[in-house]
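Protein chains: 2
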Amino acid sequence: MLNEDIKTVAHDCGDCPIRHRAVCARCEADELERLEEIKYYRNFQAGQTIIWSGDRMDFVGSVVSGIATLTQTMEDGRTQMVGLLLPSDFVGRPGRDGSPYDVVATTDMVMCCFRKKPFEELMADTPHIAHRLLEMTLDELDAAREWMLVLGRKTAREKIASLLSIIARRDATLNLQTQQNSLVFDLPLTREAMADYLGLTLETVSRQISALKRDGVIELEGKRHVTVPDFSRLLDEAGDDSDGGMLS
Amino acid sequence: MLNEDIKTVAHDCGDCPIRHRAVCARCEADELERLEEIKYYRNFQAGQTIIWSGDRMDFVGSVVSGIATLTQTMEDGRTQMVGLLLPSDFVGRPGRDGSPYDVVATTDMVMCCFRKKPFEELMADTPHIAHRLLEMTLDELDAAREWMLVLGRKTAREKIASLLSIIARRDATLNLQTQQNSLVFDLPLTREAMADYLGLTLETVSRQISALKRDGVIELEGKRHVTVPDFSRLLDEAGDDSDGGMLS
DNA sequence: TCGCGCGCTTGATCTGGGTCAATGATGACC
DNA sequence: GGTCATCATTGACCCAGATCAAGCGCGCGA
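Those sequence lines, one after another, are chains V and C.
Everything in the first sequence is counted per the numbering used here, starting at 1 for the first residue and increasing by one.
Everything in the second sequence is counted per the numbering used here, starting at 1001 for the first residue and increasing by one.
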């Protein structure tokens, strides 16, 4: 699984989010070396299932580009998305063998993977990687719990606004382009995927997006390209009290 | 905060869940010593708020007895419970200062606390405590995500059945009394608290409990004492495909 | 260039659970 | 042992969002 470009990116932290996020802040040469040895890239096509629920996972890794979703499905077909993986997000559960949900690429993706067993050994030797993983897991837990409020208590309109503001926020921090106070981004999900995230039907998603557009909260170009003229207005619609660190 | 009984329980792992779960599996004398030094007990009364959302937390700890809830509240008063703390559950976020939600005791409680800063130092020195915390956080994340499916996709009846089966399961594993194939337990929550957990109203909770009783899925004695004659029937009602490790 | 499929929109109708309101149990406190 | 407060139940009605159904528009392959 080793390939030629490993050496060339050995100290290019921007390339590989896991290295960037988990290690580089306090990087030490031998750790980088060991990480490089167990690192490889994998490509996935849009629609491809990366891991099936219950499958054994023999790697951990992080998203370099593209988007994936974590979903749970009941026997009768009802599905709920329980996580959204954007570039720099971590995938995998050190110390656990199986995945409790399906991981599906919704766009073409590149992942930076590490073989699981050696990664865990490395983790055992280097406490700050373990520490970084705890940090990431706590972040995911916070996100999951915030989403529980969305699922349990918000109206359809608030749910849509919440999703849009999360995507806008992530997009802005990734691209560092909070340009002229308005936000522009492409929706990385179909209406159906949004519905699965929000606990709604795709028809309701469509209607509420139309409503937000009609009311001037968002502008749409085609079906996916969104511009948000006033982000605080969107947050208002989401029923959020905080700006999530977007506005100062 | 040190008190006299510390020495007497120094090696009684059953008494203090955090020590039992986080440390004792591979316990080493000096760690126990250091844990004892920063440990103290706190009592809370039913209804008392342990931590307000946004508050600084200067301790971590675990539940010895009683029940607490983690809740998030919107400005207009809508609230969603995002976690339920039963005996042996861990409270606190090593490395984080504030709490993102209210922690409220719903019964009288005893907690075993550790001052946060020294606990973090101990964690930095002893990798397997950090490892144990990662494990616990992953468990919480799994639970939160399973709950997202409940909140987003299940009907009111399924939600109630899901909650009952979770409580029954926890209760049984704690008390090790899977006696004569039927389960008996007391509901530790009011109808309103259940509603807040399930994203329902208390009226709907009441109606669905009555319906499950009418249909013979559960039996009620008073308002809180529940017996489940057939656990797999309850799991069926919950729409769950697995038995959660209860039945073999 | 056509048509065909997929993602999306919009309309009509239905229904699960919310809302509002009245009434019942239980137990603590005087 | 009566009063009051808290928790729970039940009924009547309503509405947000689900369901069912009909099109629309755009990209793609023949």
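Virtual Cβ for every residue (Gly too), placed ideally from N, Cα, C.
In this text, all values refer to a predicted model and were calculated from it rather than measured experimentally.
Integer-rounded CB distance, given that residue j should sit under 8 angstroms from residue i
| i | j | result |
| --- | --- | --- |
| phenylalanine 1059(C) | arginine 1115(C) | 6 angstroms |
| methionine 1148(C) | serine 1099(C) | Not quite, the Cβ-Cβ distance comes to about 21 angstroms (not below 8 angstroms), so this is no contact. |
| aspartate 241(V) | glutamate 1075(C) | 6 angstroms |
| alanine 46(V) | threonine 107(V) | 5 angstroms |
| glutamate 221(V) | proline 229(V) | About 13 angstroms separates the two Cβ atoms, so there is no contact after all. |
| alanine 193(V) | methionine 81(V) | 7 angstroms |
Beta carbon of residue i nearer than 7 angstroms to that of residue j
| i | j | result |
| --- | --- | --- |
| alanine 105(V) | alanine 161(V) | no |
| valine 103(V) | isoleucine 167(V) | no |
| phenylalanine 231(V) | leucine 187(V) | no |
| glycine 1066(C) | methionine 1136(C) | no |
| leucine 198(V) | lysine 159(V) | yes |
| alanine 156(V) | threonine 204(V) | yes |
| serine 62(V) | phenylalanine 90(V) | yes |
| leucine 1235(C) | serine 1165(C) | yes |
| arginine 191(V) | leucine 202(V) | yes |
| glycine 1152(C) | leucine 163(V) | no |
| proline 1134(C) | leucine 134(V) | The sequence shown places leucine at residue 1134(C), rather than the proline named in the question. In this structure, leucine 134(V) lies closer than 7 angstroms to leucine 1134(C) by Cβ. |
| alanine 124(V) | alanine 1130(C) | no |
| arginine 1145(C) | alanine 195(V) | no |
Under 8 angstroms by beta carbon: chain C residues contacting residue i
| i | result |
| --- | --- |
| tryptophan 52(V) | Residues of chain C passing the Cβ test: none, with the nearest at roughly 14 angstroms. |
| threonine 137(V) | Leu1134, Thr1137, Leu1138, Leu1141 |
Spatially closest choice to residue i from the options, by CA coordinates
| i | options | result |
| --- | --- | --- |
| threonine 249(V) | Glu140(V), Leu133(V), Ile209(V) | The requested residue 249(V) does not occur in the structure, where chain V is confined to residues 1 to 248. |
| glycine 1083(C) | Asp1241(C), Phe1090(C), Thr1071(C) | Thr1071(C) |
| arginine 170(V) | Leu35(V), Lys39(V), Arg42(V), Ser88(V) | Ser88(V) |
| cysteine 113(V) | Leu220(V), Tyr41(V), Ile218(V) | Tyr41(V) |
| arginine 1233(C) | Lys1223(C), Val1217(C), His1225(C), Arg1224(C) | Val1217(C) |
| valine 1064(C) | Gly1077(C), Lys1039(C), His1128(C) | Lys1039(C) |
| lysine 154(V) | Thr1173(C), Leu1200(C), Leu1189(C), Asp1142(C) | Leu1200(C) |
| tyrosine 1101(C) | Leu1189(C), Met1111(C), Gly1077(C), Thr1073(C) | Thr1073(C) |
| leucine 189(V) | Arg132(V), His225(V), Ala172(V), Asp55(V) | His225(V) |
Contact list for residue i against chain V, beta-carbon separation under 9 angstroms
| i | result |
| --- | --- |
| proline 1100(C) | Asp142, Arg145, Glu146 |
| glycine 1239(C) | Met74, Glu75, Asp76, Arg78 |
| glycine 1095(C) | His131, Leu134, Glu135, Leu138 |
Cross-chain neighbours of residue i in chain V, by beta carbon under 7 angstroms
| i | result |
| --- | --- |
| glycine 1152(C) | Gln80, Leu151, Gly199 |
Under 9 angstroms by beta carbon: chain C residues contacting residue i
| i | result |
| --- | --- |
| glutamine 72(V) | Arg1145, Glu1146, Met1148, Leu1149, Arg1153 |
Where residue i meets chain C, residues with beta-carbon distance less than 7 angstroms
| i | result |
| --- | --- |
| glycine 61(V) | Those do not exist, as glycine 61(V) stays about 17 angstroms from chain C at its closest Cβ, beyond 7 angstroms. |
Partner residues on chain V for residue i, Cβ-Cβ distance less than 8 angstroms
| i | result |
| --- | --- |
| proline 1127(C) | Ala124, Pro127, Ala130 |
Exercise for the section: State whether the region 82-96 of chain V contacts the region 119-128 of chain V, with contact taken as three or more CB pairs (one from each stretch) at a distance under 8 angstroms. Expected result: yes
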